[in-house]
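Numbered per the working numbering, the sequence shown spans residues 707 to 910.
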Amino acid sequence: MIRHPKTSEEWGEVRKELTVDGLVGMGSLLSSSLPIRIYPDPILKKISEPIEEFGTDELGLLCEQMHITMFVKHGIGLSAVQLGELKRVITMKIPEQDEAGYDVSRPYNFINPEIRESSGTFEFSEGCLSVPGYYEDRERANFILLRFQTINGDVLIKWFEGLEAFCIQHELDHLDGKLFVDDLSPLKKDRVRKKIKNTLRRDK
Ligand code: ZN
Numbered sequence: 707m708i709r710h711p712k713t714s715e716e717w718g719e720v721r722k723e724l725t726v727d728g729l730v731g732m733g734s735l736l737s738s739s740l741p742i743r744i745y746p747d748p749i750l751k752k753i754s755e756p757i758e759e760f761g762t763d764e765l766g767l768l769c770e771q772m773h774i775t776m777f778v779k780h781g782i783g784l785s786a787v788q789l790g791e792l793k794r795v796i797t798m799k800i801p802e803q804d805e806a807g808y809d810v811s812r813p814y815n816f817i818n819p820e821i822r823e824s825s826g827t828f829e830f831s832e833g834c835l836s837v838p839g840y841y842e843d844r845e846r847a848n849f850i851l852l853r854f855q856t857i858n859g860d861v862l863i864k865w866f867e868g869l870e871a872f873c874i875q876h877e878l879d880h881l882d883g884k885l886f887v888d889d890l891s892p893l894k895k896d897r898v899r900k901k902i903k904n905t906l907r908r909d910k
């Protein structure tokens, strides 16, 4: 069982951050968790718009709600469009436990992210909170050089590897209106829809 920081002060770090550092937990803001748009919701096919105003409460709140929703739904990454906001914003947090069982993983907010370079291959069973219950083995680049902005508009360029790189590539596809089930045959897509229905019914 992974334990998370719980105070609202810790949550506040996400909004105040100057860098990508900050603590994220469930805190008292559980009620801010928002419903996730589920395939084949047409908004998931739309292209998200870049963020132009930084350091606003609106952007901070969006990132916070995305982290809360990810936490509640046990996701490792989320894009704003999955909450119905067509904005180029991605959050990521891949749990990692220390010896005492605390989650010490780093929460990320990627604003206007762009992949500048990529190399290698990494295979993983790809899933998506908008396609609940469906997974498919897929290869993506193992290393990516990502240019992104923080909540305050600072520009950062950083290499990511393995599962982090995989997750970012998946989320970036969302910003361009792409889903990992888009290339499936109509028959398989039908099965995916049934699988989603069953999963949602089971998790109710
Ligand atoms: Zn997804």
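Note that CB positions come from ideal geometry on N, CA and C, so glycine has one too.
Burial check for R908: the Cβ neighbour count within 10 Å stays below 16, so the residue is exposed. Annotation for Q771 indicates a beta carbon at 8 angstroms or more from all heavy atoms of ligand 1.
A806 counts as exposed, since fewer than 16 other beta carbons sit within 10 angstroms of its beta carbon. Secondary structure at N848: coil, using DSSP grouped into helix, strand and coil. With a minimum length of 4 residues, there is no unbroken run of alpha helix (DSSP H) contained wholly in the stretch 765-818. For the stretch 846-897, the continuous alpha helix (DSSP H) assignments of 4+ residues that do not extend past its boundaries occur at 868-881, in sequence order. With 16 or more other Cβ atoms inside 10 Å of its own Cβ, P819 counts as buried. In this structure, the straight-line span from the alpha carbon of L890 to that of R846 is close to 17 angstroms. Proximity to L869 across E764, G833, R743, I757 peaks at G833, based on C-alpha coordinates.
Counting other Cβ atoms within 10 Å of its Cβ, D882 stays below 16 and is therefore classed as exposed. Taking the CA atoms as reference points, D809 sits about 28 angstroms from E791.
The three-state secondary structure of R822, taken from DSSP, is strand. A straight-line Cα-Cα distance of about 13 angstroms links E842 and R897. Relative to the non-hydrogen atoms of ligand 1, the Cβ of E759 never comes closer than 8 angstroms to any of them. For the pair of segments examined, the stretch 751-770 was found to touch the stretch 787-801: the number of CB pairs separated by less than 8 angstroms reaches three. For E791, the shortest separation between its Cβ and any heavy atom of ligand 1 does not lie below 8 angstroms. The continuous beta strand (DSSP E) containing F830 extends over residues 828-832. With contacts defined as CB atoms closer than 9 angstroms, R822 and I863 qualify as a contacting pair. Taking 8 angstroms as the cut-off, the C-beta of E877 counts as close to a heavy atom of ligand 1.
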